[in-house]
């Protein structure tokens, strides 16, 4: 080959390599960019400046967050618009089949009253007046006439009924209206009505005979100040409020007072005594002092940062500022099917400047910690808590949990972490928790008065070599619902409990018999976590450091699992038929016999009472008997293993150990435990009992005895649980390999060998 | 400039300026390298994370009693025992052939694996050897049973990556050393022996001995550095055959067992130091013999 040809070939090759190199570099830079973005995200979050679209709680730091104690007062039921009673004792009115009046203090049911309707009439709106009497706007469906009816608070007797005479130009076209707000004082009736056809909000004033005295278009909101006096809120060029005085001599309209806010408020409140206007503007409650003089604005409550108990599906609908400064907010909670209503109370308090600082290191915001901080700082006014958190939301943390665990391992080595840290929830392994990086809490815990109320199983599970280096604060609230007939078919009595092989054999039998429409599980995935967890103690012995996953019964069980997975009886996947209406979300009415249910992530839905109600209602609808059990038992034992997410440890090198222990005590207290989100069960039994009592008062139409039964079964199940801290990694190793066998990627022998190797390494490292 | 002044300036340079220039880097080495190493060394005689307790040589005894450690040491030395000779022999052969038949193109191709980032070529390796990968399809297409080669033959896969990554580099190092051998030696050898055979073993290798020792050290270092590639492919839980020493250390780091980690690290350092000193001794011995 000539030199020139070689040179040309070399140039071509070089060009190709450069092109490939560029491609690789480009790809690499893309990957790096993505990584950098995600890293940047991580670091930004670490700097606590992450702007997450998915989260309402953005740009938050503990210091900016201010000091607001949040408390979920309770939940209320009912469908119609809600109105606060302005003035004396604030109350809430809801309606479904009849009126229900709720106390604001504890969201308990005050009284119920029937609707004052006759045949052909429907209720369009209801509200409470200053004296606590209920007013109803009634529509006569045939004649399209509207009447306001006042009923006595004592017996619901009709006190006054007046037909409203609309005189504005649009009144004739009233076919679809939405009443946005109404109020009545001793002389006049005020109404804010939206014409759904023209999409306009119109404001009306009527006298007590129903004659229209005043009409104005495009008023967004109003607030009653005193008899005959109101503040109207709307937007011209700017957002404004204006005084409106109504008297026998006529209507007196004041000047528009421009508001320093661009948007329109969902609700306004006015404190006439102090001339303060409060506005609910999207996720913020603003305070405008000196409305008629020198105006001063201040942010009273930022729900994005101050409200740690709410999530994206919580929409603030109304609020109330009490004289003591506490703020009650009524939320509409959008669930999959229903809109719930919850009341949360916010009490601002001043943090002590200076004082001793306790540092808590967290991967993300943990609700119960926020609650405990509020209690702690109030109990110890000379102390201040600083929270360091790497990620803003739980979702972000879970996405980067391994990165966080690596960072934390390095920080532990250098001692660069807070006095308290979240040591569970995937942050540290069991081996890590057995090191002296964390303080042994055994002696301290045993002397705690609250220890008697804590679930002993979970404490035992986390005690390693006699040392307790973490304190669990919540239990996973998960259970299994079975078609009770299945118990009988399988010839199993309650004392024996179902084992996994019995369950699987049943499915194999269905296949052999050619039975159709019978399924083991009501919902996917058909994964083997539960089955392996129930049996792991008989496969791995951490004390003796032995692994025996070649036992015949276990190999047989795995083969059965695979066999069932290959039939059509493993899982009724409701997603295959979205048109079908499935009750209880799990298809127990469709031929499934088991359903694993977890409350995790269900914080937007109901409560204990609602779950209990669903359980019994769905049982009735399904036409089969339901039974709630903790899970399916292991082959050789009766383990019902489960995991707990959150536990906290004290930095053994901390110079503020006493302060840290005081904080842990507060975390376990009934007061703070009672504030856990509904997805968790408190470890403190008293807090569980309090949850039950709250459920009984919630107004959910469920018999107390049934509710108690539901709760008792749930508690009984929790007591049977062996908490699976130390085995979780082994379980994961085993499952990863066996899944490959189930998916036909490898033989059973290969899967078992590979799992053995991994588990052996883990055990002996 | 007078001789006296010149001498005085030289003295100033040696006594004043030179230490001044050296001081920052010496400080850096001391603070960022020697101190941490010393602290790690002290770790090996203590136990506990927050409160350290002196335990003498207990950590080393504990280390030797650990079956996972013994496995990792065995795997690492086995990998060295197989990988290093193959790498050296292959690199030497290629460099010899390239020395005889100059080809810049082939030389360039050999360097390419050094340029491409590990993550890029490892994804290629995975695509080839994984279940349902290129090789699996090829083999099953030919009517044989395919396999997940990544999990079934991890040792060979890692060996392949090791060779791919290091052959080019060592070929260039050895090739440069061969270039230094005068061509007259070859001519004289041919005149005397009337053949090429034996030139490599009788002339080239003895003359290249220092470079070969250096290459040997590089090859051993390459064995220790292959952990990154193994980790990218197999993650934290590798197949047992490729559970190398670095895995043992890495996983112990996450378990906060810093003492075990430090002990293992120092043991490796000690073994490598002994090995390298021995090599240098042998090298010196060979030189004297020559």
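Residue numbers (the working numbering), protein chains in the order written: chain A, 1 to 765; chain B, 766 to 1055. We put the beta carbon where it would ideally sit given N, CA and C, even for glycine. Because the structure is a prediction, the values reported are computed rather than measured.
{"Item": "At a CB distance below 7 Å, what residues from the stretch 500 to 513 of chain A approach chain B? Give them in sequence order.", "Value": "none"}
{"Item": "Take the Cβ of residue 782 of chain B as the centre, count every other Cβ of all protein chains shown within 10 Å, and call the residue buried at 16 or more, exposed below.", "Value": "exposed"}
{"Item": "Return the bridge partner residues of residue 162 of chain A from the DSSP annotation.", "Value": "A:148"}
{"Item": "When you check each C-beta in the stretch 727 to 739 of chain A against every C-beta of chain B, which residues fall closer than 7 Å?", "Value": "733"}
{"Item": "Interface residues of chain B around residue 436 of chain A at Cβ under 7 Å?", "Value": "813, 814, 815 and 816"}
{"Item": "Using a 10 Å radius around the Cβ and a threshold of 16 neighbouring Cβ atoms, would you call residue 381 of chain A buried or exposed?", "Value": "exposed"}
{"Item": "Are there any heavy atoms of the ligand ADP lying less than 7 Å away from the beta-carbon of residue 114 of chain A, as far as the coordinates show?", "Value": "The ligand ADP is not part of the structure shown, which contains no ligands of any sort."}
{"Item": "Note down the Cα distance separating residue 379 of chain A from residue 386 of chain A, rounded to an integer number of angstroms.", "Value": "16 Å"}
{"Item": "Helix, strand or coil for residue 408 of chain A? Go by DSSP, reduced to three states.", "Value": "helix"}
{"Item": "Check the Cβ-Cβ distances between residue 865 of chain B and every residue of chain A, and say whether any is below 8 Å.", "Value": "no"}
{"Item": "Could you give the first and the last residue of the continuous beta strand (DSSP E) run that contains residue 615 of chain A?", "Value": "Segment 608 to 622 is the alpha helix (DSSP H) holding residue 615 of chain A; no beta strand (DSSP E) there."}
{"Item": "Note down the Cα distance separating residue 44 of chain A from residue 680 of chain A, rounded to an integer number of angstroms.", "Value": "Confidence at residue 44 of chain A is low in this model, with a pLDDT of 34, below 50, so the placement of that residue is unreliable and no value is reported for it."}
{"Item": "Check whether the Cβ atoms of residue 700 of chain A and residue 609 of chain A sit closer than 8 Å, and answer yes or no.", "Value": "yes"}
{"Item": "Tell whether a beta-carbon distance below 8 Å holds between residue 987 of chain B and residue 931 of chain B.", "Value": "yes"}
{"Item": "What are the complete beta strand (DSSP E) segments, minimum 3 residues, inside the stretch 647 to 731 of chain A?", "Value": "647 to 650 and 680 to 682"}
{"Item": "Check whether the stretch 964 to 978 of chain B touches the stretch 901 to 920 of chain B, taking contact to mean three or more Cβ pairs, one atom from each stretch, closer than 8 Å.", "Value": "no"}
{"Item": "Please list the residues of the stretch 645 to 656 of chain A that have a C-beta atom closer than 7 Å to any C-beta atom in chain B, keeping them in chain order.", "Value": "652 and 653"}
{"Item": "Report the start-end ranges of each alpha helix (DSSP H) in the stretch 483 to 529 of chain A that is 4 residues or longer and not cut off at the edges.", "Value": "484 to 489 and 500 to 513"}
{"Item": "Does the structure place the stretch 790 to 797 of chain B close enough to the stretch 842 to 861 of chain B that three or more beta carbon pairs sit under 8 Å?", "Value": "no"}
{"Item": "If you draw a straight line from the C-alpha of residue 322 of chain A to the C-alpha of residue 473 of chain A, how long is it?", "Value": "33 Å"}
{"Item": "If contacts are defined as beta-carbon pairs under 8 Å, then residue 439 of chain A and residue 241 of chain A qualify, I think. What distance do you get, rounded to the angstrom?", "Value": "About 57 Å separates the two Cβ atoms, so there is no contact after all."}
{"Item": "For the stretch 1009 to 1022 of chain B, list every residue whose C-beta sits within 7 Å of some C-beta in chain A, in sequence order.", "Value": "1013, 1016, 1017, 1018, 1019, 1020 and 1021"}
{"Item": "Against residue 930 of chain B, what residues of chain A qualify as contacts under a CB-to-CB distance less than 7 Å, listed in chain order?", "Value": "Under the 7 Å cutoff, chain A gives no residues; its nearest Cβ is about 16 Å from residue 930 of chain B."}
{"Item": "For the stretch 415 to 445 of chain A, list every residue whose C-beta sits within 7 Å of some C-beta in chain B, in sequence order.", "Value": "429, 431, 432, 435, 436 and 437"}
{"Item": "Taking Cβ to Cβ, would you say residue 279 of chain A is nearer than 8 Å to residue 288 of chain A?", "Value": "yes"}
{"Item": "Of all the residues that make up the stretch 990 to 1003 of chain B, which are near chain A by a beta-carbon distance shorter than 7 Å?", "Value": "1002"}
{"Item": "Hey, residue 359 of chain A and residue 419 of chain A: beta-carbon distance below 8 Å or not?", "Value": "yes"}
{"Item": "Which same chain residues, not among the five before or five after residue 511 of chain A, have their C-beta less than 7 Å away from its C-beta?", "Value": "567 and 569"}
{"Item": "Could you give the residue range of the alpha helix (DSSP H) that holds residue 993 of chain B?", "Value": "992 to 999"}
{"Item": "Could you check what DSSP says for residue 916 of chain B in three-state terms: helix, strand or coil?", "Value": "helix"}
{"Item": "Buried or exposed for residue 325 of chain A, going by 16 or more other Cβ atoms inside 10 Å?", "Value": "exposed"}
{"Item": "Taking C-beta to C-beta, are residue 832 of chain B and residue 1013 of chain B nearer than 8 Å?", "Value": "no"}
{"Item": "Go to residue 796 of chain B, then tell me how far its alpha helix (DSSP H) extends in each direction, as first and last residue.", "Value": "Careful: residue 796 of chain B lies outside any alpha helix (DSSP H) and carries neither H nor E."}
{"Item": "Just to confirm the assignment, what range does the alpha helix (DSSP H) spanning residue 454 of chain A have?", "Value": "Neither: residue 454 of chain A is in no alpha helix (DSSP H) and is coded neither H nor E."}
{"Item": "Can you list the residues of chain A that residue 896 of chain B reaches, using a CB-CB cut of under 7 Å?", "Value": "745"}
{"Item": "Is residue 300 of chain A helix, strand or coil by DSSP?", "Value": "strand"}
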